[in-house]
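S.K.:
Chains as they are written, first to last, in my numbering: chain A, 381 to 842; chain B, 381 to 842.
1) I'd like to know whether the C-beta atoms of residue 660 of chain A and residue 556 of chain A end up nearer to each other than 8 Å.
2) Applying a beta-carbon distance threshold of less than 9 Å, which residues of chain B neighbour residue 533 of chain A?
3) List the residues that DSSP assigns as beta-bridge partners of residue 505 of chain A.
4) Starting from the C-beta of residue 470 of chain B, find all residues in its chain whose C-beta is less than 7 Å away, skip the five residues before and the five after it, and write them out in chain order.
5) Any idea what DSSP makes of residue 676 of chain A, helix, strand or coil?
6) With a cut-off of 8 Å, do at least 3 Cβ pairs link the stretch 703-721 of chain B to the stretch 757-777 of chain B?
7) What is the rounded straight-line gap between the Cα of residue 763 of chain B and the Cα of residue 732 of chain A?
8) Find the residues of chain B that neighbour residue 727 of chain A, judging by a C-beta separation of less than 7 Å, and give them in chain order.
9) Is the distance from the Cβ of residue 828 of chain A to the Cβ of residue 742 of chain A below 8 Å?
10) With residue 601 of chain B as the anchor, note down where its alpha helix (DSSP H) starts and where it stops.
11) Using C-beta distances below 8 Å, list every residue in its chain close to residue 399 of chain A, excluding the 5 sequence neighbours before and after it, in chain order.
12) Among the residues of its own chain, which have a CB less than 8 Å from the CB of residue 509 of chain A, if the five just before and after it don't count?
13) Alpha carbons only, please: which of A/546, A/632, A/670 and A/535 is nearest the one belonging to residue 586 of chain A?
14) Report the start-end ranges of each beta strand (DSSP E) in the stretch 772-813 of chain A that is 3 residues or longer and not cut off at the edges.
15) I'd like to know whether the C-beta atoms of residue 544 of chain B and residue 651 of chain B end up nearer to each other than 8 Å.
16) Do residue 532 of chain A and residue 647 of chain A have their beta-carbon atoms positioned less than 8 Å apart in this structure?
17) Based on Cα-Cα distance, which residue from B/440, B/497, B/395 and B/439 lies nearest to residue 772 of chain A?
18) Can the beta-carbon of residue 628 of chain B be found closer than 8 Å to that of residue 645 of chain B?
19) In chain order, which continuous runs of the beta strand (DSSP E) of length 3 or greater are located wholly inside the stretch 409-452 of chain B?
20) When the distance is taken between beta carbons, is residue 427 of chain B closer than 8 Å to residue 475 of chain B?
21) Can residue 566 of chain B and residue 640 of chain B be called in contact, C-beta distance under 8 Å?
22) How long is the line joining the alpha carbons of residue 707 of chain A and residue 676 of chain A, rounded to whole angstroms?
23) Using the rule of at least 16 other Cβ atoms within 10 Å of the residue's Cβ for burial, across every protein chain shown, is residue 535 of chain B buried or exposed?
24) Ignore the nearest five residues each way along the sequence and tell me which others in residue 638 of chain A's own chain have a CB closer than 7 Å to its CB.
25) Whose C-alpha, out of A/457, A/547 and A/483, is nearest the C-alpha of residue 500 of chain A?
26) Once the 5 residues before and after residue 537 of chain B are set aside, which same chain residues still bring their CB inside 7 Å of it?
27) In its own chain, which residues sit with a C-beta less than 8 Å from the C-beta of residue 563 of chain B, not counting the 5 before and 5 after it?
28) Looking at the unbroken alpha helix (DSSP H) that takes in residue 828 of chain A, where does it start and where does it end?
29) For residue 783 of chain A and residue 610 of chain B, what's the separation of their Cα atoms in angstroms?
30) Just to confirm before moving on: does the CB-CB distance between residue 472 of chain B and residue 523 of chain B stay below 8 Å?
31) So what does DSSP say about residue 529 of chain B, is it helix, strand or coil?
32) Pick from A/572, A/485 and A/387: whose alpha carbon is nearest that of residue 431 of chain A?
33) Would you grab the beta carbon distance between residue 748 of chain B and residue 804 of chain B for me? Rounded to a whole angstrom, and I think it's under 8 Å.
34) Can you find a CB in chain A that lies within less than 8 Å of the CB of residue 706 of chain B?
35) Can you tell me whether residue 678 of chain B is buried or exposed? The criterion is at least 16 other CB atoms within 10 Å of its CB, across all chains shown.
36) When the Cα of residue 688 of chain B is compared with those of B/615, B/736, B/553 and B/440, which residue comes out closest?
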């Protein structure tokens, strides 16, 4: 029996239509990031296991795909005395995100990189997570980060780049839910919560959107918070989400006794001003309960959400500590990551893809019993800039060839039968209108290009 | 001590300049493949180990990076009685080439795919090979294949696509060394060599370019061929490589008693005619000693070589058996694969990259003490289609900002000091000419675009 033709669990093949949609998204995001002066970086898919371990928490370490040692070093590991662990058997791991590789490169190549370093990176990552709808074990992240700039101007650039990408993709109903690490700290302080419970409490609060205050209250109590603390926290977070200004005024009053809280509110006000004229301006929604990966972020925290998807389509924030893990001293950094696979799901649901994606052939040269002549015609048309398919089944009937071209979205078929050949002519069949016309061989490319790209294009089908 | 900042052995980081060069090559190859009607396919980086094993020979199986099982299934494997092997510990492997995944998809998704299926795929592959100059453990292949077409017209399309890519990249001195499986079979037959020694003999002959007839003769004898066989083989292969016509006439005479040999010669003549008008025409060089992965190819065999690199920059041929390993019945296929990393090495050596690659910012907005105003100016310029960097270090001196912009290849700096702000003006400094000029805020984008893209661009620097 032949082997299975299925890809591994949690992964998928992208057939041409899906691959073109991915190319379409990627190009728009790249253009948005480049419009903001970010430069491309590519890092290997495999990293030394030491680079990855200890960066994503204990749960993250479990989710790293680990690569078996090879040859002698595997034999040595297997022959070892005592219990053999994962660490003995594996020396490499698959990239888990794009931030740790950036931190590694920023620390290792700092003399070769501009400072600050604005980079974008669109590459795959792998997590041995339980697969679910829209959640894969191999997926693609689209990251922008600025390393080496402490100013909130850098945060504003990242916000603008992310918003430009999202609006460029056609999202009209996306929000950048924005919070600040210091606001969260201030809220815990103001609620009188034991600092030791801060992390635990914020994990619960972060679920407010999903489980409401009822669920959050229950969780907070389970995590050991007193009723009084929960009530105070709820009052502090009782904000009118309809207006950023109202939310900020409320927070400013609520956190008046917390210096860190005040700093957080000030920076939230600043990010609003700095992004006001950019595509991010209308999208920012101050959301004091957003917490995300708390241990990681040190300043602004942002999460991109749409009503069509539970969870986020992107997230980011300031993380001034991570690069230091490789450098030995802190280096400020801020970034944002869009999840390409989730974007695809939502864009498909919203109908945000154009009906015709670029890249498909524009004309097919029919097989008419003279392969050398057909191939020469194709070469001539390609030389004039057209995307040309050739029927490579010389015995196919013409009707079947028309059908095959139409099925692949090719509009024109070029036919060079014996009669046309004798006269130096080519017949062009327009599969959209059904119209067929003979013309001199040298004028074919211009005629097709004019119909496809000319001003009459839109009217043709009407 | 912080962890190492090195990527794993045999892999590398592509910093912005290198990443842009990679983007440049990728776009040209994509355009060449799409000009020939090939459609994109993307497959997962990880494959089930069963999909990979047994497809690349015993040596290939050893070079597959294998992924450790996880959680309970790893524990079960480790707790197993008796000797534990690689197969017990690993369930997945990293993609080793793009051809086996294509065969898997062509077999598994045949009803969803056009027939014949013309696909291109530009993705990474991994091999646990000994790293060397220009040979990496993670590298990128750029494949075109046609599955489901037996006609040699399909081979011609693949040749033309490969040649269009190579000439598009600027190669002027590349050859497509072309041979045919049946010619090789005929030569062995005509030399009176034991068919059991065919594979072994051809591995030696394939090295003719590298070690000459002296070395090949020695190897052939070591592999058990008699002196008479070696002499006959050498006489059969004693061709004038200067002319394809002469080589083919020689082969036709030499193989007159071998039906398969004659078929091979006929197809070599056909591929010359079919590609004559295409970019492949001038590059094809009939080379009867080219053998490559003999067990794999069933028809034409081709290898792209340049004088600047030992070994090939690409290779391909017809393999009518491989898809059948997944489908249960043979499906004809022909393809070609370019090695992106090797192309980079040779193009760098030949100076084939343009001095300025697309994508860098066109203008930098200087930080002039009013971040909100600076960010708004950047947003306005981006809205008009420019790629704009903003200085995110508000306290940097202007001279240092000019230097930073110049260092990143940014030509223009937009300066909006307090005086300009009061007048609705912006000063534009051209770092190439040193010229500085104030203009109305609304005219900045058009002025910069005109200088960068207008007809006067080339003359500016003179």
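Glycine is no exception: its CB is placed at the ideal position from the N, C-alpha and C atoms. Keep in mind that this is a model prediction, so the values were computed, not measured.
M.R.: Put simply:
1) Along the first chain, one-based indexing puts residue 660 of chain A at 280. Along the first chain, one-based indexing puts residue 556 of chain A at 176. For residue 660 of chain A and residue 556 of chain A, yes; Cβs fall inside 8 Å.
2) The residue given as residue 533 of chain A occupies position 153 in the first chain. When 9 Å is used as the limit between beta carbons, residue 533 of chain A is near these residues of chain B: 747, 751, 754, 755, 770, 771, 772, 773 and 774, in chain order.
3) The sequence position of residue 505 of chain A within the first chain is 125, counting from 1. Residue 505 of chain A pairs with A/519.
4) In the second chain, residue 470 of chain B corresponds to position 90, counting from 1. Answer for residue 470 of chain B: 429, 446, 447, 448 and 449, listed in chain order.
5) Numbered from its first residue, the first chain carries residue 676 of chain A at position 296. DSSP, reduced to helix, strand and coil, places residue 676 of chain A outside both helices and strands of the structure shown, so it counts as coil.
6) With the cut-off at 8 Å, the stretch 703-721 of chain B and the stretch 757-777 of chain B do not touch.
7) Here residue 763 of chain B refers to the residue found at position 383 of the second chain. Here residue 732 of chain A refers to the residue found at position 352 of the first chain. Rounded to whole angstroms, residue 763 of chain B to residue 732 of chain A spans 21 Å at the Cα level.
8) Counting from one through the first chain, the residue named residue 727 of chain A turns up at place 347. Taking a Cβ-Cβ threshold of 7 Å, none of the residues of chain B is close to residue 727 of chain A; the smallest such distance is about 17 Å.
9) Within the first chain, residue 828 of chain A is the residue found at index 448, counting from 1. Within the first chain, residue 742 of chain A is the residue found at index 362, counting from 1. Contact: yes.
10) Counting from one through the second chain, the residue named residue 601 of chain B turns up at place 221. Here the alpha helix (DSSP H) through residue 601 of chain B covers 588-602.
11) Along the first chain, read from residue 1 onward, the residue named residue 399 of chain A stands at position 19. Within the same chain, and ignoring the five residues on either side of residue 399 of chain A in sequence, no residue has its Cβ closer than 8 Å to its Cβ.
12) Position 129 of the first chain holds residue 509 of chain A. The residues are 390, 443, 515 and 517.
13) As a first step, residue 586 of chain A is located in the first chain; it is residue number 206 there, counting from the start. Answer by Cα proximity: A/670.
14) Entirely contained in the stretch 772-813 of chain A, the beta strand (DSSP E) runs reaching 3 residues are, in chain order, 792-795 and 805-810.
15) For the purposes of this step, residue 544 of chain B is identified with residue 164 of the second chain, where counting begins at 1. For the purposes of this step, residue 651 of chain B is identified with residue 271 of the second chain, where counting begins at 1. Result no, Cβ atoms of residue 544 of chain B and residue 651 of chain B do not sit closer than 8 Å.
16) What you label residue 647 of chain A is simply residue 267 of the first chain in a count that begins at 1. What you label residue 532 of chain A is simply residue 152 of the first chain in a count that begins at 1. Yes, the Cβ-Cβ distance between residue 647 of chain A and residue 532 of chain A is below 8 Å.
17) Here residue 772 of chain A is taken as the residue at index 392 of the first chain, counted from 1. When each option's Cα is compared against that of residue 772 of chain A, the closest is B/497.
18) Within the second chain, the letter at position 248 stands for residue 628 of chain B. Within the second chain, the letter at position 265 stands for residue 645 of chain B. At the C-beta level, residue 628 of chain B and residue 645 of chain B come within 8 Å of one another.
19) Scanning the stretch 409-452 of chain B for uninterrupted beta strand (DSSP E) segments of 3 residues or longer gives 426-428 and 446-448, listed from N- to C-terminal end.
20) Position 95 of the second chain holds residue 475 of chain B. Position 47 of the second chain holds residue 427 of chain B. Yes, these two residues count as a Cβ contact at 8 Å.
21) Start at 1 with the first residue of the second chain, and residue 566 of chain B comes out as number 186. Start at 1 with the first residue of the second chain, and residue 640 of chain B comes out as number 260. In contact: residue 566 of chain B and residue 640 of chain B (Cβ atoms closer than 8 Å).
22) Taking the first residue of the first chain as position 1, residue 707 of chain A is located at position 327. Taking the first residue of the first chain as position 1, residue 676 of chain A is located at position 296. Their Cα atoms are separated by approximately 16 Å.
23) The sequence position of residue 535 of chain B within the second chain is 155, counting from 1. Per the 10 Å Cβ criterion, buried.
24) Here residue 638 of chain A corresponds to residue number 258 of the first chain, with the count starting at 1. Short of 7 Å from the beta carbon of residue 638 of chain A, and not among the five residues preceding or following it, lie these beta carbons of its own chain, in chain order: 566, 569 and 570.
25) Numbered from its first residue, the first chain carries residue 500 of chain A at position 120. Looking at the Cα atoms, A/483 is the closest of the given residues.
26) For the purposes of this step, residue 537 of chain B is taken as residue 157 along the second chain, with counting starting at 1. Excluding positions up to five away in sequence, the list reads 416 and 526.
27) Residue numbering aside, residue 563 of chain B sits at position 183 when the second chain is read from its first letter. So the qualifying residues of the chain are 631, 635, 641, 644, 645, 648 and 668.
28) On the first chain, position 448 is the one that residue 828 of chain A refers to. Counting along the chain, the alpha helix (DSSP H) containing residue 828 of chain A begins and ends at 824-833.
29) For the purposes of this step, residue 783 of chain A is identified with residue 403 of the first chain, where counting begins at 1. For the purposes of this step, residue 610 of chain B is identified with residue 230 of the second chain, where counting begins at 1. If you draw a straight line from the Cα of residue 783 of chain A to the Cα of residue 610 of chain B, it comes to about 54 Å.
30) The residue labelled residue 472 of chain B in the question sits at position 92 within the second chain. The residue labelled residue 523 of chain B in the question sits at position 143 within the second chain. At a Cβ-Cβ threshold of 8 Å, residue 472 of chain B and residue 523 of chain B do not count as neighbours.
31) Position 149 of the second chain, counted from the start, is the residue given in the question as residue 529 of chain B. Residue state, collapsed to three classes: coil.
32) For the purposes of this step, residue 431 of chain A is taken as residue 51 along the first chain, with counting starting at 1. That would be A/485, whose Cα lies nearest to the Cα of residue 431 of chain A.
33) If you number the second chain from 1, residue 748 of chain B lands on position 368. If you number the second chain from 1, residue 804 of chain B lands on position 424. Going by Cβ atoms, the distance from residue 748 of chain B to residue 804 of chain B rounds to 15 Å, so no, they are not a contact pair.
34) Start at 1 with the first residue of the second chain, and residue 706 of chain B comes out as number 326. Residue 706 of chain B counts as touching chain A.
35) Indexing the second chain from 1 puts residue 678 of chain B at position 298. Residue 678 of chain B is classed as buried because its beta carbon has at least 16 other beta carbons within 10 Å across all chains shown.
36) The residue given as residue 688 of chain B occupies position 308 in the second chain. Here the closest residue by C-alpha is B/553.
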